[in-house]
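Quick note on the UniProt record's numbering: the sequence shown kicks off at 1 and runs consecutively.
All C-beta atoms, glycine included, are put in the ideal place defined by N, C-alpha and C.
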Amino acid sequence: MKTGWLIVNGYLESEKFDEIYNWLIEAAEKRDCKLRKLPNDQVDSVLKISSGSTNWKQKPDFVLFWDKDVKLAKTLEAEGFKVFNSAEAIETCDDKALTFIKLKNTDIKMPATYMAPMTFDKEYKDYTFVLQIEGSLGYPMVIKENKGSFGEQVYLVNNYYEAVEKIKAIGHCDFIMQEYIESSKGRDVRIHIVGDKIVTAMERVNEDDFRANITNGGKMKKYTPTEEQCEMALKVCRELKLDFAGVDIMFGKQGEPVLCEVNSNAHFKNIYDCTGVNVADEIMEYILNKV
Ligand SMILES: Nc1ncnc2c1ncn2[C@@H]1O[C@H](COP(=O)(O)OP(=O)(O)O)[C@@H](O)[C@H]1O
Ligand SMILES: [Mg+2]
């Protein structure tokens with residue numbers, strides 16, 4: 001019998017997350033694998049980083065890292081654990097700016113994106129950088145906190161004053177400023193990849209908001225991704241060395257795929273409701289084949 005740890009965040013307690021964890025644990029059980037849920041704040045290694053050799057009593061065959069605690073993931077890798085997704089892949093996806101930087105020199109089409117200047121957490125002295133960037137992006141413009149999900153930290157601003165107001169409101173969070181893909185207003189495609197395989201996909205449509213997220217009111221639709229969209233999703237996963245991911249793709253002016261973002265631990269309850277495909281099964285199958 002194989003054993004694994006399911007690392008979760010000890011501070012994200014909700015039914016929504018518990019449901020995901022249980023699905024993964026059940027998918028493991030079905031394959032004669034014992035997956036043990038372990039909150040990130042209960043893993044010994046965090047406390048023993050400097051001691052050199054840690055005496056692991058029961059080292060699991062793998063770690064399924066359903067968290068964003070990248071330093072813990074890196075520690076586990078340094079201790080010789082096999083971690084899915086890798087710490088580096090999680091780190092890249094958890095930060096929307098990093099995702100774009102890593103894909104910059106590929107042929108993957110993305111909205112024009114600018115990074116906010118870093119200030120050591122000090123207030124901006126002025127907002128001339130916004131003036132410079134608006135010259136290139138125009139309005140409306142998308143402002144996104146680098147770390148965020150469910151569309152909650154993604155904003156549309158219509159002019160300089162709204163942009164400055166929003167930047168002041170989000171405080172010292174890192175953010176990006178991005179070209180608004182109007183042709184994709186309230187609409188995108190979520191593709192789930194496991195290994196080098198398209199597992200399932202859906203279209204999300206929101207008539208009332210530019211953000212297509214289900215949590216934000218988007219409606220799910222059955223959808224067969226185009227060859228171009230599939231190619232993009234697979235390429236993104238290869239470039240970012242993801243074992244599995246949910247890739248969000250927008251529609252460009254001619255309907256061509258434009259990458260929106262990549263989720264290293266994408267929720268899979270909604271897509272199950274839409275398509276009947278259980279991504280947890282695919283993930284466990286993949287991991288158990290690898291270890
Ligand atoms: N540049 C953009 N142009 C148009 N719509 C966008 C753009 N970026 C994001 N969106 C919309 O906002 C939603 C949320 O953005 P996303 O980057 O996926 O953040 P989150 O991690 O919160 O889901 C997307 O699903 C998409 O519908
Ligand atoms: Mg998204």
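Element boundaries [alpha helix (DSSP H), containing residue i]
i, result
"valine 135", "What sits at residue 135 in the sequence shown is glycine, not valine. Residues 128-137."
"asparagine 146", "Counting along the chain, asparagine 146 falls outside any alpha helix (DSSP H), and DSSP gives it neither H nor E."
"residue 313", "Lying outside 1 to 291, the shown extent of the chain, residue 313 is not represented and no answer is given."
Residue i vs residue j beta-carbon contact at 8 angstroms
i, j, result
"isoleucine 7", "leucine 35", "no"
"serine 264", "leucine 234", "no"
"isoleucine 108", "phenylalanine 268", "no"
"alanine 112", "aspartate 174", "no"
"lysine 144", "glutamine 132", "no"
"valine 70", "phenylalanine 81", "no"
"arginine 211", "glycine 276", "no"
"tyrosine 127", "leucine 156", "no"
"valine 194", "isoleucine 283", "yes"
"alanine 280", "leucine 72", "no"
"aspartate 209", "glycine 186", "yes"
"glutamine 229", "isoleucine 271", "no"
"glutamate 285", "threonine 106", "no"
"serine 184", "valine 258", "yes"
"aspartate 95", "threonine 3", "no"
"tyrosine 223", "methionine 202", "yes"
"asparagine 22", "aspartate 67", "no"
"valine 130", "valine 164", "yes"
"valine 236", "leucine 103", "yes"
"histidine 172", "aspartate 121", "yes"
Cross-strand partners of residue i (DSSP beta bridge)
i, result
"cysteine 33", "Lys2"
"isoleucine 7", "Leu38, Phe65"
"tyrosine 223", "Note: tyrosine 223 sits in no beta bridge, so no partner."
"valine 43", "The partner list for valine 43 (beta bridge, DSSP) is empty, contrary to what the question assumes."
"methionine 141", "Val157, Glu179"
"phenylalanine 84", "Leu64"
Straight-line Cα distance separating residue j from residue i
i, j, result
"glutamate 221", "glutamate 123", "Reading the sequence as shown, one finds lysine at residue 221 and not glutamate. Those two C-alpha atoms are separated by around 43 angstroms."
"glutamate 256", "aspartate 41", "43 angstroms"
"lysine 147", "leucine 98", "10 angstroms"
"isoleucine 90", "asparagine 278", "22 angstroms"
"alanine 28", "phenylalanine 84", "14 angstroms"
"glycine 189", "lysine 168", "Looking at the sequence shown, residue 189 is not glycine but valine. Rounded to whole angstroms, valine 189 to lysine 168 spans 31 angstroms at the Cα level."
"asparagine 206", "lysine 219", "6 angstroms"
"tyrosine 139", "methionine 110", "17 angstroms"
"aspartate 18", "tyrosine 11", "12 angstroms"
"tyrosine 114", "arginine 204", "26 angstroms"
"cysteine 33", "aspartate 273", "25 angstroms"
"tyrosine 161", "isoleucine 176", "17 angstroms"
"methionine 232", "asparagine 159", "32 angstroms"
"isoleucine 198", "lysine 125", "47 angstroms"
"glycine 252", "aspartate 196", "25 angstroms"
"residue 293", "alanine 87", "Since the displayed the chain opens at 1 and closes at 291, residue 293 lies outside it and no answer follows."
"valine 262", "threonine 200", "15 angstroms"
"alanine 78", "tryptophan 5", "16 angstroms"
"threonine 226", "asparagine 213", "20 angstroms"
"asparagine 216", "serine 149", "10 angstroms"
"residue 304", "valine 43", "Because the chain here runs from 1 to 291, residue 304 falls outside it and cannot be looked at."
"lysine 16", "phenylalanine 65", "17 angstroms"
"asparagine 289", "arginine 31", "11 angstroms"
"threonine 119", "glutamine 254", "39 angstroms"
Enclosing beta strand (DSSP E) for residue i [first to last residue]
i, result
"isoleucine 283", "Here isoleucine 283 belongs to no beta strand (DSSP E); instead the alpha helix (DSSP H) covers 279-290."
"leucine 240", "Neither: leucine 240 is in no beta strand (DSSP E) and is coded neither H nor E."
"lysine 74", "Taken as a continuous stretch (DSSP letters only), lysine 74 belongs to no beta strand (DSSP E), being part of the alpha helix (DSSP H) at 70-78."
"leucine 156", "154-157"
"methionine 115", "113-115"
Within-8 angstroms CB hit, residue i to chain C
i, result
"isoleucine 214", "Included in the structure is just one protein chain, with no chain C present."
Contact test: residue i Cβ vs ligand 3 heavy atom, cutoff 7 angstroms
i, result
"glutamate 79", "By its list of ligands, the structure shown excludes ligand 3, since it contains just ligand 1 and ligand 2."
List in chain order: all unbroken beta strand (DSSP E) runs of 3+ residues lying wholly within the region 159-214. 175-179, 187-194, 197-205
Please go through the region 242-276 and give each complete beta strand (DSSP E) segment of 3 or more residues, from N-terminal end onward. 244-251, 257-263
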